[in-house]
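**Student:** For the sequence shown, the numbering used here begins at 1166 and goes up steadily by one.
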Amino acid sequence: MENIISYIRDWGKYALSERPFNEVDSLVLCQLVYLNYGKFVPGPKEKKEAVGIRSIYAHSERDIILDDYWYRQNNRELFAALAESVRFGGLKMNGYVNVINEEEETQFSAMTYFLEDGSVYIAYRGTDATLVGWKEDLNLAFSKPLPSQYLAAEYLDGAAERIEGKFYAGGHSKGGNLAVYAAMSCKDETRERLIKVFNNDGPGFRPEIREQGNFAAVEDKVIKFIPRSSLVGMILENHGKYEIVESRGIGTFQHNIYSWKIKDGAIIRAKNMTSAKIKRDAALNEWILSLSEEEIHLFIDTLYEVLSASEASDVFEFGADLKKSLQNVATAAREVDENTRKTLQKMIRSLFEMMLENMKSALLQN
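#1: Around the C-beta of glutamate 1402, are 16 or more other C-beta atoms found within 10 angstroms, so that it is buried, or is it exposed?
#2: Any idea what DSSP makes of methionine 1349, helix, strand or coil?
#3: Quick one: using the 10 Å Cβ neighbour count with 16 as the cut-off for buried, is glutamine 1419 buried or exposed?
#4: Less than 9 Å between the C-beta atoms of asparagine 1168 and isoleucine 1427, yes or no?
#5: For leucine 1463 and alanine 1248, what's the separation of their Cα atoms in angstroms?
#6: Where aspartate 1353 and glutamine 1377 are concerned, what is the direct C-alpha to C-alpha distance, given to the nearest angstrom?
#7: Compute the Euclidean distance between the alpha carbons of glycine 1255 and phenylalanine 1186, then round it to the nearest angstrom.
#8: Taking its Cβ as the centre, do 16 or more other Cβ atoms sit within 10 Å of arginine 1237, making it buried, or is it exposed?
#9: Who are the Cβ neighbours of serine 1394 in its own chain at under 6 Å, not counting the five residues just before and after it?
#10: Is the separation between the beta-carbon of lysine 1389 and that of asparagine 1365 shorter than 9 Å?
#11: Under the criterion of a Cβ to heavy atom distance below 8 Å, does asparagine 1342 qualify as lining the ligand GTP?
#12: Assuming contact is defined by CB atoms lying nearer than 9 Å, are tyrosine 1202 and methionine 1276 in contact in what I supplied?
#13: Could you compute how far the alpha carbon of leucine 1456 sits from the alpha carbon of tyrosine 1346?
#14: Is it the case that the Cβ atoms of aspartate 1385 and threonine 1355 are separated by a distance below 9 Å?
#15: Answer yes or no: does any C-beta atom of chain D fall closer than 9 Å to that of lysine 1212?
#16: What are the start and end residues of the beta strand (DSSP E) that includes proline 1392?
#17: Give me the Cα-Cα distance between glycine 1340 and glutamate 1270, rounded to the nearest whole angstrom.
#18: Determine the burial state of leucine 1521: buried for a count of at least 16 other Cβ atoms within 10 Å of its Cβ, exposed for fewer.
#19: Cα separation between aspartate 1228 and tyrosine 1222?
#20: Hey, could you find the ends of the beta strand (DSSP E) phenylalanine 1273 is sitting in?
#21: Asparagine 1263 by DSSP, collapsed to three states: which one?
#22: Determine the closest residue to proline 1392 out of Ile1374, Ser1424, Arg1375, Phe1363, with distance taken between C-alpha atoms.
#23: Suppose contacts are defined by Cβ-Cβ distances below 9 Å. Is asparagine 1379 in contact with methionine 1349 by that definition?
#24: Mind reading off the beta-carbon distance from alanine 1306 to isoleucine 1461? Whole number of angstroms is fine, and I expect it under 8 Å.
#25: Just mark arginine 1252 as buried or exposed, buried being the case when its beta carbon has 16 or more other beta carbons within 10 Å.
#26: Starting from the Cα of tryptophan 1235, find the closest Cα among Ser1225, Leu1200, Glu1459 and give me that residue.
#27: Tell me whether isoleucine 1328 sits in a helix, a strand or coil according to DSSP, three-state version.
#28: Give me the Cα-Cα distance between leucine 1449 and alanine 1245, rounded to the nearest whole angstrom.
#29: Is the distance from the Cβ of aspartate 1282 to the Cβ of leucine 1181 below 9 Å?
#30: Can lysine 1257 and valine 1216 be called in contact, C-beta distance under 9 Å?
#31: Suppose contacts are defined by Cβ-Cβ distances below 9 Å. Is proline 1312 in contact with phenylalanine 1273 by that definition?
#32: Is the beta carbon of threonine 1496 closer than 9 Å to that of alanine 1474?
#33: Where alanine 1382 and glutamate 1357 are concerned, what is the direct C-alpha to C-alpha distance, given to the nearest angstrom?
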């Protein structure tokens, strides 16, 4: 079975005019947006020409794009395969944005791709290695849109004004959530030009957010892929329209795009999730929706405060000296005041009670 790298090595000899753009090409572009293009690709406010992937690949400092993200070797191989291929060798990029604002707890990055067949793809990056990026993922539990979601809709409208014709949008992880939010919250004239929106294992939305953002207007254009053991993609997912895909990964490692199985130009579909997994996901979402805004704030802020005590700014620093990081985290956890600790214990106990109730229900049904 292939992954996206071997797919490019195999299908890379075919131009998009020979074998049209497909779901795997979308997956490739959603992984490609994780790289750091700040040195090479102009921002949306710069009136500059789009930059070709081959010109970046030929640059003596091209490895800069591999900074600040994991799967470094896989990303290097993917970028090389794309630059050397017929299918993506003519790819051009523009409108690169990368915002990290710790005060506003915002991590947002997006880019616009121009393909040789004339099609355009707007890709949103998922969570990066920063701790603020991970906290923002947790903030999706709130009933108000996040700054990054507003930025995503603004980016989509801005990109639509600069390009002609119809286009695709998509992302992986939080990037998938941002792509869908942008599609359902953008201007009507922008939404009408959207061909499809690809959500690759991205979280869903609270009911209030879907209603505010007119999810119904874009629902038929959204294609969501979730690996069998998905955790991220099943958070706040309740409309049930998604494709389950095969992965080489185990458990949460299935979230990694490079683990998804590819064959004959398509992502391999998996059998349905187990009933136990569905029940666990339902219990987690029920628990999230049962919490008040104050309880969600308390849970997320306390978790972030404890993790920040590691003195690491990102997951790489955290892992570089794991022993020291964990010692600092343990010290910070002990210093949480008694009332906060009791509230957190009560919240977690309610989650386990919901999960047990769902498990009992599943056993009775079987």
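Glycine residues also receive a C-beta, built at the ideal position from the N, C-alpha and C atoms.
This one's a predicted model, so the numbers in the text were calculated from it and none came from an experiment.
**Tutor:** In brief:
#1: As a first step, residue 1402 must be located in the sequence shown, where it is residue number 237. Flag for glutamate 1402 reads buried.
#2: For the purposes of this step, residue 1349 is identified with residue 184 of the sequence shown, where counting begins at 1. Helix.
#3: Here residue 1419 refers to the residue found at position 254 of the sequence shown. Glutamine 1419 should be labelled buried.
#4: By 1-based counting over the sequence shown, the position of residue 1168 is 3. By 1-based counting over the sequence shown, the position of residue 1427 is 262. Yes. Within cutoff.
#5: Along the sequence shown, read from residue 1 onward, the residue named residue 1463 stands at position 298. Along the sequence shown, read from residue 1 onward, the residue named residue 1248 stands at position 83. Roughly 47 Å between the two C-alpha positions.
#6: Position 188 of the sequence shown, counted from the start, is the residue given in the question as residue 1353. Position 212 of the sequence shown, counted from the start, is the residue given in the question as residue 1377. Each residue's Cα considered, the two are about 14 Å apart.
#7: By one-based count along the sequence shown, residue 1255 stands at place 90. By one-based count along the sequence shown, residue 1186 stands at place 21. When rounded, the distance between both Cα atoms is 14 Å.
#8: On the sequence shown, residue 1237 is found 72 positions in, with the first residue counted as 1. Exposed.
#9: Residue 1394 sits at position 229 when you count from the first residue of the sequence shown. Result list for serine 1394: Gly1416, Gln1419, in chain order.
#10: Numbered from 1 along the sequence shown, position 224 holds the residue referred to as residue 1389. Numbered from 1 along the sequence shown, position 200 holds the residue referred to as residue 1365. For lysine 1389 and asparagine 1365, yes; Cβs fall inside 9 Å.
#11: Summarising the ligand content, the structure contains no ligands, and the ligand GTP is consequently not present.
#12: Taking the sequence shown and counting its residues from 1, the one referred to as residue 1202 is at position 37. Taking the sequence shown and counting its residues from 1, the one referred to as residue 1276 is at position 111. It is a contact, given that the beta carbons lie within the stated cut-off.
#13: Looking up residue 1456 in the sequence shown gives position 291. Looking up residue 1346 in the sequence shown gives position 181. The straight-line gap from Cα to Cα measures roughly 23 Å.
#14: The count along the sequence shown starts at 1 and reaches residue 1385 at position 220. The count along the sequence shown starts at 1 and reaches residue 1355 at position 190. In this structure, threonine 1355 does not lie closer than 9 Å to aspartate 1385 by Cβ.
#15: Of the protein chains in the structure, only one exists, and it is not chain D.
#16: By 1-based counting over the sequence shown, the position of residue 1392 is 227. Where proline 1392 is concerned, the enclosing beta strand (DSSP E) stretches over 1387-1392.
#17: Residue numbering aside, residue 1340 sits at position 175 when the sequence shown is read from its first letter. Residue numbering aside, residue 1270 sits at position 105 when the sequence shown is read from its first letter. Approximately 16 Å, taken between the alpha carbons.
#18: Residue 1521 sits at position 356 when you count from the first residue of the sequence shown. Around the beta carbon of leucine 1521, fewer than 16 other beta carbons sit within 10 angstroms, so the residue counts as exposed.
#19: By one-based count along the sequence shown, residue 1228 stands at place 63. By one-based count along the sequence shown, residue 1222 stands at place 57. Approximately 9 Å, taken between the alpha carbons.
#20: Taking the first residue of the sequence shown as position 1, residue 1273 is located at position 108. Element bounds for phenylalanine 1273: 1271-1279.
#21: Counting from one through the sequence shown, the residue named residue 1263 turns up at place 98. Asparagine 1263 falls in the strand class under three-state DSSP.
#22: Taking the sequence shown and counting its residues from 1, one reaches residue 1392 at position 227. When each option's Cα is compared against that of proline 1392, the closest is Ser1424.
#23: As a working note, residue 1379 is residue 214 in the sequence shown. As a working note, residue 1349 is residue 184 in the sequence shown. Against a cut-off of 9 Å, the Cβ pair of methionine 1349 and asparagine 1379 comes out as a contact.
#24: On the sequence shown, position 141 is the one that residue 1306 refers to. On the sequence shown, position 296 is the one that residue 1461 refers to. Yes, alanine 1306 and isoleucine 1461 are in contact; Cβ-Cβ is about 5 Å, under 8 Å.
#25: One-based indexing of the sequence shown puts residue 1252 at position 87. Buried, since its Cβ has 16 or more Cβ neighbours within 10 Å.
#26: For the purposes of this step, residue 1235 is identified with residue 70 of the sequence shown, where counting begins at 1. Closest by alpha carbon: Leu1200.
#27: Taking the sequence shown and counting its residues from 1, one reaches residue 1328 at position 163. Note: isoleucine 1328 maps to coil in three-state DSSP.
#28: Counting from 1 along the sequence shown, the entry for residue 1449 is found at position 284. Counting from 1 along the sequence shown, the entry for residue 1245 is found at position 80. In a straight line, the C-alpha of leucine 1449 is about 40 Å away from that of alanine 1245.
#29: On the sequence shown, position 117 is the one that residue 1282 refers to. On the sequence shown, position 16 is the one that residue 1181 refers to. Going by C-beta atoms, aspartate 1282 is nearer than 9 Å to leucine 1181.
#30: Mapped onto the sequence shown, residue 1257 falls at position 92. Mapped onto the sequence shown, residue 1216 falls at position 51. Taking 9 Å as the Cβ cut-off, lysine 1257 and valine 1216 qualify as a contacting pair.
#31: Residue mapping note: residue 1312 aligns to position 147 of the sequence shown, counting from 1. Residue mapping note: residue 1273 aligns to position 108 of the sequence shown, counting from 1. Contact flag set, yes.
#32: Locating residue 1474 in the sequence shown gives position 309, where the first residue counts as 1. Locating residue 1496 in the sequence shown gives position 331, where the first residue counts as 1. Less than 9 Å separates the beta-carbon of alanine 1474 from that of threonine 1496.
#33: As a position in the sequence shown, residue 1382 is number 217, starting the count at 1. As a position in the sequence shown, residue 1357 is number 192, starting the count at 1. For alanine 1382 and glutamate 1357, the distance between alpha carbons rounds to 10 Å.
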